[in-house]
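In our numbering, the protein residues as written are 879 to 1262.
C-beta atoms are modelled at their ideal positions from N, C-alpha and C, and glycine is treated no differently.
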Amino acid sequence: MTDLVTRAAVARPTALRRAAPALLGYAAVRALGLVALAVWSAARGTSAYTLLTARWDSLWYARVAGGGYGYEVRLPGGDVHSDLAFFPLLPWLERVLAAVGPLSYADAGFVVSLLASLAAAWGVFAVVDHVYGPRTGVCAVLLWAVLPVGIVQSMAYSESLFTALAAWSLYCVLTERWPAAGALALLAGLTRPVGAAVVAAVWAAALASWARGRATGRPLAPRVLGMLLAPLGAAGYVLWVGHRTGRGPLGYLDVQAGWRNGFDGGYAFARFVAAKFTAFPAALAGLALFAGVALVIGLYVAGVRQRQPLPLLVYSGVVTALALCASGYFGSKPRLLLPAFPLLVPLALALARLRTSRALPVTGAVALASAVYGALWLNGSGPP
């Protein structure tokens, strides 16, 4: 027993030391983004902290944390915006932090996002390092940090929390720690609707592993336990919403319909992009949207050709499909793609092949551009 404790104590700092370059680089990029936001907001006379903690979805999460579910807004056109659209894990954590310390719910959401973003960066590194090595892992984390919408990782939103849970669940899948993978998938399913992507990855990997391991007689019970745990979070919340609304298992879809969110296979988004080409200069925006979608699809195809592990392909494929094929607010699509970090692996592999003397200036320039864009974006249209 003492030997096991000693080995565990040694393993933890070793893993942290291995991830340290990625975490330090990630923290530097996020700090640059926050400084840029603070400077630009001060110049405009706005509050950077308010933009991060008390606008858009942040307000809905804080309201759920403070008063539970039951709030809705009825719009003149007949739409009903219900707080039941927001999954409960982030509000639960906000309530716990506010209860044990002198934090408001908005403050607690900001703290959760900051800590979760570091956990997510570590998880991204762990996954990519496990498959491709530490240099590619560092590059993947830096690329995730410098995404144009990377500032969302520091907002009191659920993207960072979800990405952390998803990344570590995928890591547990890759290392065949099936109960832990299922438990983390359960929590991811309590965080965002796209938790279904983590469940799909766990199930696909468990079934594939079972098929490979039948001849060796490896135990089936851990896989079954992971598979049983994985969908409980998402399914439990969706069923609870259906019971609360009195609309049965499909009640959550009705709630989303009140926000004009749905899944139409990308038809509405395709029409939105096509409409941009009817005039100039809107056609330039249409070209940018088309190029962005093509890039996302191209990165996924590149991952398939590079033979990424099955759970990564399943996870990023489901996240991408749900983001691009949703019929809701189109400005949110880049944010909805934020958890799909395996899409960055082909770029990380290319960046890792560069010499450090060339990779650092490239990454620094992109980080600066991302920081400026994030500051402009949150002071403009921003998410929701």
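DSSP state of Phe1040 mapped onto helix, strand, coil: The residue given as residue 1040 occupies position 162 in the sequence shown. In this structure, Phe1040 counts as helix in the three-state DSSP scheme.
Residues near Cys1050 in its chain [Cβ-Cβ closer than 7 Å; skip 5 each side]: In the sequence shown, the residue the question calls residue 1050 occupies position 172. Closer than 7 Å at the Cβ level, and outside the excluded window around Cys1050, lie Ala1058, Ala1059 and Leu1062.
Check whether Leu1065 and Leu967 have beta carbons under 8 Å apart: For this step, residue 1065 is matched to residue 187 along the sequence shown. For this step, residue 967 is matched to residue 89 along the sequence shown. Contact: yes.
DSSP-derived helix/strand/coil call for Arg952: Sequence index remark: in the sequence shown, residue 952 carries index 74 (1-based). Here Arg952 sits in strand by DSSP.
Own chain, CB closer than 7 Å to Leu1048, minus 5 neighbours either side, in chain order: On the sequence shown, position 170 is the one that residue 1048 refers to. These residues qualify, in order along the chain: Val1005, Ala1079, Pro1189, Leu1190 and Tyr1193.
Cβ separation of Gly1143 and Gln1134, assumed to be a contact under 8 Å, to the nearest whole Å: Mapped onto the sequence shown, residue 1143 falls at position 265. Mapped onto the sequence shown, residue 1134 falls at position 256. With a Cβ gap of about 16 Å, Gly1143 and Gln1134 do not count as contacting.
Residue interval of the alpha helix (DSSP H) (run including Ser1032): Within the sequence shown, residue 1032 is the residue found at index 154, counting from 1. Run containing Ser1032: none; DSSP gives neither H nor E here.
Whole-angstrom distance between Ser1087 and Ala1093, CA atom to CA atom: Indexing the sequence shown from 1 puts residue 1093 at position 215. Indexing the sequence shown from 1 puts residue 1087 at position 209. Any reading at Ala1093 must be qualified, since the residue scores a pLDDT of 48, below 50, and its modelled position is unreliable; no value is offered.
Cβ pair Val1030, Leu1216 closer than 8 Å: Position 152 of the sequence shown, counting from 1, holds the residue named residue 1030. Position 338 of the sequence shown, counting from 1, holds the residue named residue 1216. Yes.
Under the three-state DSSP convention, the category Ala1204 falls into: In the sequence shown, counting from the first residue as 1, residue 1204 sits at position 326. Strand, per DSSP.
Bridge partners - His959, DSSP secondary structure assignment: Counting from 1 along the sequence shown, the entry for residue 959 is found at position 81. DSSP output for His959 lists Val951 as bridge partner(s).
Simplified DSSP assignment, three categories, for Phe964: Residue mapping note: residue 964 aligns to position 86 of the sequence shown, counting from 1. It is coil, neither helix nor strand.
Under 8 Å between C-beta atoms of Gly1011 and Ser1248: The residue you call residue 1011 lines up with position 133 of the sequence shown. The residue you call residue 1248 lines up with position 370 of the sequence shown. No, the pair does not count as a contact, with Cβ atoms beyond the cut-off.
Presumed contact (8 Å Cβ cut-off) between Ala997 and Ala1042, rounded CB distance: Residue 997 sits at position 119 when you count from the first residue of the sequence shown. Residue 1042 sits at position 164 when you count from the first residue of the sequence shown. Going by Cβ atoms, the distance from Ala997 to Ala1042 rounds to 4 Å, so yes, they are a contact pair.
Burial state of Pro980, where buried means 16 or more other Cβ atoms lie within 10 Å: Counting from 1 along the sequence shown, the entry for residue 980 is found at position 102. Label assigned to Pro980: exposed.
Arg922 to Glu972 span [Cα, whole Å]: The residue given as residue 922 occupies position 44 in the sequence shown. The residue given as residue 972 occupies position 94 in the sequence shown. Cα-Cα distance, rounded: 29 Å.
CB of Ala1112 within 8 Å of CB of Phe1003, strictly: Locating residue 1112 in the sequence shown gives position 234, where the first residue counts as 1. Locating residue 1003 in the sequence shown gives position 125, where the first residue counts as 1. Going by C-beta atoms, Ala1112 is not nearer than 8 Å to Phe1003.
Collapsed DSSP secondary structure at Phe1158 in the structure displayed: Counting from one through the sequence shown, the residue named residue 1158 turns up at place 280. Note: Phe1158 maps to coil in three-state DSSP.
DSSP bridge partner residues for Phe1141 (one or two, in chain order): Indexing the sequence shown from 1 puts residue 1141 at position 263. For Phe1141, which the question treats as bridged, DSSP gives the partners Ala1204.
Neighbourhood of Thr859 by C-beta, 7 Å cutoff - its chain only, sequence neighbours within 5 removed: There is no way to answer for residue 859, as the model of the chain reaches only from 879 to 1262.
Candidates Val974, Pro1109 and Ala1204: closest to Ala1146 by CA position: Here residue 1146 refers to the residue found at position 268 of the sequence shown. For the residues Val974, Pro1109 and Ala1204, the minimum Cα distance to Ala1146 belongs to Ala1204.
Short Cβ contact (8 Å threshold) for Trp1046 with Ala1253: For the purposes of this step, residue 1046 is identified with residue 168 of the sequence shown, where counting begins at 1. For the purposes of this step, residue 1253 is identified with residue 375 of the sequence shown, where counting begins at 1. No, these two residues do not count as a Cβ contact at 8 Å.
Residue interval of the alpha helix (DSSP H) (run including Arg1125): Along the sequence shown, read from residue 1 onward, the residue named residue 1125 stands at position 247. No alpha helix (DSSP H) holds Arg1125; DSSP gives it neither H nor E.
Three or more C-beta pairs below 8 Å linking the segment 1008 to 1022 and the segment 1222 to 1230: yes
Val907 and Ala1245 closer than 8 Å at C-beta: Walking along the sequence shown from the start, residue 907 turns up at place 29. Walking along the sequence shown from the start, residue 1245 turns up at place 367. Taking 8 Å as the Cβ cut-off, Val907 and Ala1245 qualify as a contacting pair.
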